[in-house]
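J.:
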Amino acid sequence: DAKTTQPPSMDCAEGRAANLPCNHSTISGNEYVYWYRQIHSQGPQYIIHGLKNNETNEMASLIITEDRKSSTLILPHATLRDTAVFYCIVRVNNNAGNMLTFGGGTRLMVKP
Amino acid sequence: DTGVSQDPRHKITKRGQNVTFRCDPISEHNRLYWYRQTLGQGPEFLTYFQNEAQLEKSRLLSDRFSAERPKGSFSTLEIQRTEQGDSAMYLCASSAGTGTRKLFFGSGTQLSVL
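Those protein sequences? They're chains A and B, same order as listed. Going by my numbering, the letters in the first sequence line up with residues 144 to 255, in that order. Going by my numbering, the letters in the second sequence line up with residues 1077 to 1190, in that order.
#1: Once you ignore the five residues that flank Ser204 of chain A on each side, which residues in its own chain have a CB closer than 6 Å to its CB?
#2: What separation, rounded to the nearest whole angstrom, lies between the Cα atoms of Val253 of chain A and Ser152 of chain A?
#3: In whole angstroms, what is the alpha-carbon distance linking Phe1141 of chain B and Gly1148 of chain B?
#4: Using a beta-carbon distance cut-off of less than 9 Å, what residues from the stretch 1144-1172 of chain B approach chain A?
#5: What would DSSP say about Asp225 of chain A, mapped onto helix, strand or coil?
#6: Check each residue of the stretch 1099-1117 of chain B: if its Cβ is closer than 9 Å to any Cβ of chain A, include it; give the result in chain order.
#7: So with Cβ pairs under 9 Å, would you call Glu1128 of chain B a contact of chain A?
#8: For Gly193 of chain A, name the three-state secondary structure that DSSP assigns.
#9: Against chain A, does Phe1121 of chain B count as a neighbour if the rule is that its beta carbon must be under 9 Å from one of theirs?
#10: Just grab the DSSP bridge partners of Val1080 of chain B for me.
#11: Please report the residue range of the beta strand (DSSP E) in which Asp210 of chain A lies.
#12: So, does the CB of Thr244 of chain A fall closer than 9 Å to a CB anywhere in chain B?
#13: Between Gln1160 of chain B and the rest of its own chain, which residues show a CB-CB distance below 7 Å, the 5 nearest in sequence each way excluded?
#14: Taking the DSSP output, what are the residues bridged to Met153 of chain A?
#15: Could you work out which residue in B:Tyr1124, B:Ser1103 and B:Ile1102 is closest to Tyr1111 of chain B when comparing CA atoms only?
#16: Rounding to the nearest angstrom, what Cα-Cα distance links Ser1042 of chain B and Leu1187 of chain B in this structure?
#17: Mind the definition here: the stretch 244-251 of chain A touches the stretch 223-233 of chain A only if three or more C-beta pairs lie below 8 Å; say whether that holds.
#18: Run down chain A in chain order and give the residues with a C-beta less than 8 Å from the C-beta of Ser1183 of chain B.
#19: If you follow the beta strand (DSSP E) that Arg1098 of chain B is part of, which residue opens it and which one closes it?
#20: At which residues does the beta strand (DSSP E) containing His1086 of chain B begin and terminate?
#21: Between Phe1180 of chain B and chain A, is any beta-carbon pair separated by less than 9 Å?
#22: Output the distance between the C-alpha atoms of Glu1144 of chain B and Gln188 of chain A, rounded to the nearest integer angstrom.
Encoded structure:
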């Protein structure tokens, strides 16, 4: 699996957009980018995933660069509840070796 | 869909004791995963089941650890002769069997070994 690099921490003002970067320069053509969020004392929660195209759902937007070597998770209007650790993971979608490999993630602090 | 349920939420034990954790996945999910997470670190993969078959085990899963999923539904993770280094959050996750990486996690069992 491709290795990902994320900043260890970021701050964001409540109500503003939070842009969380992830570098995955060794990503292969068939590897997807996944994002999970982990609030303190809870298990990780799936947010969004994508292959090449930008994706949006009710939680966030995912912007993947054209060369696919990096991506950005966008929380359009950060709330205090978004204070959490965000993990960027890249993985092939197949039936072999099904575990996700988590790195250290980015600890996002949303401030009032 | 009641989500992934784990029991107990917290467990305190003395070094050398055996402990067992239970995970009830989302009912229609045939894939089940166990992870371990220590403070400040991301979750680390331990083992994976597809139905009742244990298909992958991490080298982190020493011989003191055993996991079962006897009827392809709930799963148990047992740690024998616990050590202080086993203190961690043990997370269970499940997913549907189509190759998706969309895992649904439980809230975990926090183990403290004294």
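By construction, the Cβ of each residue, glycine as well, lies at the ideal position given by its N, Cα and C atoms.
T.: Once the coordinates are examined:
#1: What you label residue 204 of chain A is simply residue 61 of the first sequence in a count that begins at 1. Counting only Cβ-Cβ distances below 6 Å, and skipping sequence neighbours, we find Ile217.
#2: Taking the first residue of the first sequence as position 1, residue 253 of chain A is located at position 110. Taking the first residue of the first sequence as position 1, residue 152 of chain A is located at position 9. Approximately 11 Å, taken between the alpha carbons.
#3: The residue you call residue 1141 of chain B lines up with position 65 of the second sequence. The residue you call residue 1148 of chain B lines up with position 72 of the second sequence. The alpha-carbon atoms of Phe1141 of chain B and Gly1148 of chain B are separated by roughly 19 Å.
#4: Met1165, Leu1167, Cys1168, Ala1169 and Ser1171
#5: Translated into the one-based positions of the first sequence, residue 225 of chain A becomes position 82. Of the three classes helix, strand and coil, the one that applies to Asp225 of chain A here is helix, per DSSP.
#6: Arg1107, Tyr1109, Tyr1111, Gln1113, Gly1116 and Gln1117
#7: For the purposes of this step, residue 1128 of chain B is taken as residue 52 along the second sequence, with counting starting at 1. No, because no Cβ of chain A sits closer than 9 Å to the Cβ of Glu1128 of chain B.
#8: Along the first sequence, one-based indexing puts residue 193 of chain A at 50. Of the three classes helix, strand and coil, the one that applies to Gly193 of chain A here is strand, per DSSP.
#9: In the second sequence, residue 1121 of chain B corresponds to position 45, counting from 1. Yes, because at least one Cβ of chain A sits closer than 9 Å to the Cβ of Phe1121 of chain B.
#10: For the purposes of this step, residue 1080 of chain B is taken as residue 4 along the second sequence, with counting starting at 1. DSSP lists no partner for Val1080 of chain B.
#11: Here residue 210 of chain A corresponds to residue number 67 of the first sequence, with the count starting at 1. Segment: none, Asp210 of chain A is in no beta strand (DSSP E) and carries neither H nor E.
#12: Position 101 of the first sequence holds residue 244 of chain A. Thr244 of chain A counts as touching chain B.
#13: The residue labelled residue 1160 of chain B in the question sits at position 84 within the second sequence. Cβ within range, chain order: Arg1091 and Val1189.
#14: Stepping through the first sequence from its first residue, residue 153 of chain A is reached at position 10. A:Leu251.
#15: Along the second sequence, read from residue 1 onward, the residue named residue 1111 of chain B stands at position 35. Considering only alpha carbons, the answer is B:Tyr1124.
#16: As shown, chain B starts at 1077 and ends at 1190. That puts residue 1042 of chain B outside it, with no answer to give.
#17: yes
#18: Counting from one through the second sequence, the residue named residue 1183 of chain B turns up at place 107. Near Ser1183 of chain B (Cβ distances below 8 Å), the residues of chain A are Ser184, Gln185 and Gly186.
#19: Counting from 1 along the second sequence, the entry for residue 1098 of chain B is found at position 22. Looking at the DSSP string, the run of the beta strand (DSSP E) that includes Arg1098 of chain B is Val1095 to Asp1100.
#20: Here residue 1086 of chain B is taken as the residue at index 10 of the second sequence, counted from 1. It spans His1086 to Thr1089 - the beta strand (DSSP E) in which His1086 of chain B sits, taken as one unbroken run.
#21: Position 104 of the second sequence, counting from 1, holds the residue named residue 1180 of chain B. Phe1180 of chain B counts as touching chain A.
#22: Reading the second sequence from its first residue, position 68 is the one you call residue 1144 of chain B. Reading the first sequence from its first residue, position 45 is the one you call residue 188 of chain A. Cα to Cα, the separation comes out at about 24 Å.
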